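Q: Residue numbers (the UniProt record's numbering): 1 to 242.
Beta carbons: idealized from backbone N, C-alpha and C, even for Gly.
All figures in this text were calculated on a predicted structure; none of them were measured in a lab.
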């Protein structure tokens, strides 16, 4: 069964290529993000962690604390957000990352549309990362991830929040599957590097609108972006976008 097509947009602030070259001076307020949707993923100001937007609440996962709810005044330098997928659930059982990716892609309405991906249930393991907060001068994302903190969560219940994006948008966002995880007890989470699903419910929704909002700070405006760094994305994102 293919995903239903929604005509509400996936809204994105900034582009991945800007993070890759260290141009992430400004951002969008959490309050504005919440007005755009109740489901999404992003990163913390100064790349100081990973963000999950789930059921209208925005959580930050950082290197030195358990996940915390963010205030509307906090800033996100990059985010994808939309209404949560309103679709029938499909069971996913005993699936590694490759099998999960295959099941998601089998349910796509089209490989030319964005898809919101939600997975709720029990996970045999989830390998997550968070990145440390940066200070001026800001380093490119690939350099930041060299000092990322990785954790393997085992036998954990929670929710995977993510997006599947078409290949033509690589560099604007992460092409393919890009996911974050938040534990049900809200004590752990982060960017998903690897996952083994025990028993979970998968919901997909396709989006025929993609609204891109760009920063207007001096660093972004003076930094000419190209696709020259796109080869780094698979490394930075843990291979999920492949």
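Got a sec? Which residues, its chain only, sit under 6 Å from residue 215 by beta carbon, not counting five neighbours each side?
A: 14, 26
Q: Could you tell me whether the Cβ atoms of residue 201 and residue 86 are closer together than 8 Å?
A: No, the Cβ-Cβ distance between residue 201 and residue 86 is not below 8 Å.
Q: How about residue 117 and residue 84: are their beta carbons less than 8 Å apart?
A: Their beta carbons are not under 8 Å apart, which means residue 117 does not touch residue 84 by this criterion.
Q: Hey, residue 225 and residue 17: beta-carbon distance below 8 Å or not?
A: In this structure, the beta-carbon distance from residue 225 to residue 17 falls below 8 Å.
Q: Drop a sphere of 10 angstroms on the beta-carbon of residue 207, count the other beta-carbons inside from all chains shown, and report buried for 16 or more, exposed for fewer.
A: Around the Cβ of residue 207, a 10 Å sphere holds 16 or more other Cβ atoms; the residue is buried.
Q: Does the Cβ of residue 188 have 16 or more other Cβ atoms within 10 Å, making it buried, or fewer, making it exposed?
A: Result: buried.
Q: Where do the ends of the beta strand (DSSP E) carrying residue 152 lie?
A: 149-165
Q: Here's the rule I'm using: 16 or more other beta-carbon atoms within 10 Å means buried, otherwise exposed. How should residue 106 be labelled?
A: exposed
Q: Taking the continuous beta strand (DSSP E) assigned at residue 193, which residues delimit it?
A: 189-213
Q: Provide the residue span of the beta strand (DSSP E) that contains residue 183, from first to last.
A: 176-183
Q: Quick one: grab the DSSP three-state call for residue 34.
A: helix
Q: Comparing alpha-carbon positions, which option in 49, 91, 93 lies nearest residue 74?
A: 49
Q: Look up residue 6 in the DSSP assignment and give the residues it is bridged to.
A: 207
Q: Output yes or no for whether 8 Å exceeds the beta carbon distance between residue 108 and residue 6.
A: Contact check for residue 108 against residue 6 fails: the beta carbons are separated by 8 Å or more.
Q: How long is the line joining the alpha carbons of residue 192 and residue 222, rounded to whole angstroms?
A: 32 Å
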